[in-house]
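In this note's numbering, the protein residues as written are 485 to 976. All C-beta atoms in this analysis are idealised placements derived from N, C-alpha and C, irrespective of residue type, glycine included.
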């Protein structure tokens, strides 16, 4: 039995030692690596030639500036190709279409073919009057104004000409021009509230008079259909030639618009050519800058090689090894101190040896731990954790508990600061099949203390890395104060 306990204690000590060694080695390696890297960095900095480093920094700035210039020029070329040139090409097409349409109009318009300084014209001005009914004598002015406005508007609505009127006018002037060119020759305007003027412009005044007479006849018929009692009185007529300044201005405006369109077209085409030239110039600039950039990069590489030569490989290794060893020693000291303080001040149960070496009560069972940590399988094997062995540790522990309870002969229960949902503890309770029950944590509430009534002895259930020595001692003190005794421990 003593040999077995010695073997258990030795395995626990080895497991604890192995965990401590892992922590110490990891910390020492990490700190050694960091300080070693710092040593290499320091060696590079201290051995660097200031003038070479200054040259390198200047070359890097020049390279960055050249690269930015290339990006800027490439963006400018992209804008020229994707935005400027397509816009100008669309504008050229629009200018060309506008110029062609204006040229076609100027060539086909009858109005624009008439000589404005010898313009044939025929005019007729007439007034309209309406009788006032007897029942509207009191509102004479309002009634007359309303009726005259209605009739005058009817006259002006006859322009542009209807299809019937257009066919007749086209036959009179004997041309096959489009309707819009014939409409330009006719003018029907209201001079005032009761006077209307019909004017027709044409190269031959007699033909213009024939059109005016026809239109006057049509308007008169239309007015009498609207108001049979209206009176139409001719005020003046004229047929002959005149200087038509309005026609002259219109013709000049059309001619000027053609010249303007042609000028805009030439300007836009020149802008397109200039945009392509700018694009080509930018490409040439990019090639020049790339050549300069290659030279700068070659100089940078040469200076970096020169800087590397000034920092010898031996000095780098020496400083790296020196600082690495210093870091490893510091890491060993610090990690050993941390492990010592953690074990000394932690006060937690970490293995079976923690129970066996401190308390005189027997250890009735050890359940497999559910905690996961670095090298946990190796540590658990060193601890003899049966979860990695083929024997049934749960059945073995429950059998040990039941045997101890039966040998004692008293009534016994389980207590301790354990979560009832803990997997290992749940497996233990299932294996006990209710023969030994869990009554709670007497340190956490009064209900567990009341549950101890009727029991002679208790089995303390503790958990590795959770249960503390001072809490266990407090549990034992309370159990003794309740005139109970401790039958043993179960470690999860």
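| query | result |
| --- | --- |
| Any chance you could list the beta strand (DSSP E) runs of at least 3 consecutive residues sitting entirely within the segment 675-751, in chain order? | 679-686 and 715-726 |
| Report the start-end ranges of each beta strand (DSSP E) in the segment 932-972 that is 3 residues or longer and not cut off at the edges. | 941-946 |
| If you draw a straight line from the C-alpha of residue 586 to the C-alpha of residue 597, how long is it? | 14 Å |
| Quick check: the segment 759-772 against the segment 644-653, are there 3 or more CB pairs under 8 Å? | no |
| Pairs of beta-carbons, one from the segment 680-694 and one from the segment 720-735, closer than 8 Å: are there three or more? | yes |
| Cα-Cα, which of 612, 876, 505 and 920 is closest to residue 896? | 920 |
| Label residue 633 either buried or exposed according to how many other C-beta atoms from any shown protein chain fall within 10 Å of its C-beta, with 16 as the threshold for buried. | exposed |
| Exposed or buried, residue 490, counting other C-beta atoms within 10 Å across all chains shown (16 or more means buried)? | Bear in mind that the predicted position of residue 490 carries a pLDDT of just 43, short of 50, making it unreliable; the figure below should be weighed with that in mind. So residue 490 ends up on the exposed side. |
| Cβ atoms of residue 650 and residue 663: under 7 Å apart, would you say? | yes |
| Verify the contact flag: residue 579, CB atom, against every heavy atom of the ligand FAD, threshold strictly below 6 Å. | With respect to small molecules bound, the structure shown includes none, and the ligand FAD cannot be examined in it. |
| Please say whether residue 847 and residue 839 have beta carbons closer to each other than 7 Å? | yes |
| State the DSSP-derived secondary structure class of residue 848, mapped to helix, strand or coil. | strand |
| Using the beta-carbon count (16 or more within 10 Å), is residue 922 buried or exposed? | buried |
| For residue 951, is the classification buried or exposed, using 16 other Cβ atoms within 10 angstroms of its Cβ as the cut-off for buried? | buried |
| Does the beta-carbon distance from residue 977 to residue 745 come in below 7 Å? | Lying before the first or after the last residue shown, residue 977 is absent from the chain, which here runs from 485 to 976. |
| Can you tell me whether residue 975 is helix, strand or coil according to DSSP? | strand |
| What is the residue span of the alpha helix (DSSP H) that residue 546 lies within? | 534-563 |
| Tell me whether residue 870 sits in a helix, a strand or coil according to DSSP, three-state version. | For residue 870, the predicted structure reports a pLDDT of 48, less than 50, and the residue's modelled location is therefore unreliable. The matter cannot be settled from this model. |
| State the DSSP-derived secondary structure class of residue 905, mapped to helix, strand or coil. | coil |
| Please go through the same chain and pick out, in chain order, the residues whose beta-carbon is closer than 6 Å to the beta-carbon of residue 615, but skip the five residues on each side of it. | 713 |
| Take the Cβ of residue 903 as the centre, count every other Cβ of all protein chains shown within 10 Å, and call the residue buried at 16 or more, exposed below. | exposed |
| Examine the Cβ distances between the segment 657-671 and the segment 571-582 and report whether three or more of them are shorter than 8 Å. | no |
| Express the C-alpha separation of residue 852 and residue 873 in angstroms, rounding to a whole number. | The predicted position of residue 873 is uncertain, since its pLDDT is 49 and thus under 50; no value can be drawn from it. |
| Taking the alpha-carbon positions, what's the residue 973 to residue 945 distance? | 6 Å |
| For my contact list, residue 600 and residue 727 are in at a C-beta cut-off of 8 Å; report their separation, rounded to the angstrom. | 7 Å |
| If you run the structure through DSSP and keep just helix, strand and coil, what is residue 574? | helix |
| Assuming residue 927 contacts residue 882 under a Cβ cut-off of 8 Å, what Cβ separation, rounded to an integer in Å, is found between them? | Between residue 882 and residue 927 the Cβ distance is about 25 Å, and since that is not below 8 Å, they are no contact. |
| Mapping DSSP to helix, strand and coil, what is residue 525? | helix |
| With the cut-off set at 7 Å, would you say residue 606 and residue 693 are in Cβ contact? | yes |
| Could you tell me if residue 574 is buried or exposed, where buried requires 16 or more neighbouring beta carbons within 10 angstroms of its beta carbon? | exposed |
| Residues in the same chain with beta-carbon distance under 6 Å from residue 953, minus the five sequence neighbours each way, listed in chain order, please. | 831 |
| Among the residues of its own chain, which have a CB less than 8 Å from the CB of residue 886, if the five just before and after it don't count? | 916, 919 and 920 |
| Please classify residue 677 as buried or exposed, where buried requires at least 16 neighbouring CB atoms within 10 angstroms. | exposed |
| Report all residues from its chain with a CB closer than 8 Å to the CB of residue 706; omit the five preceding and five following residues, and keep chain order. | 638, 639 and 642 |
| Got a sec? Which residues, its chain only, sit under 7 Å from residue 814 by beta carbon, not counting five neighbours each side? | 515 |
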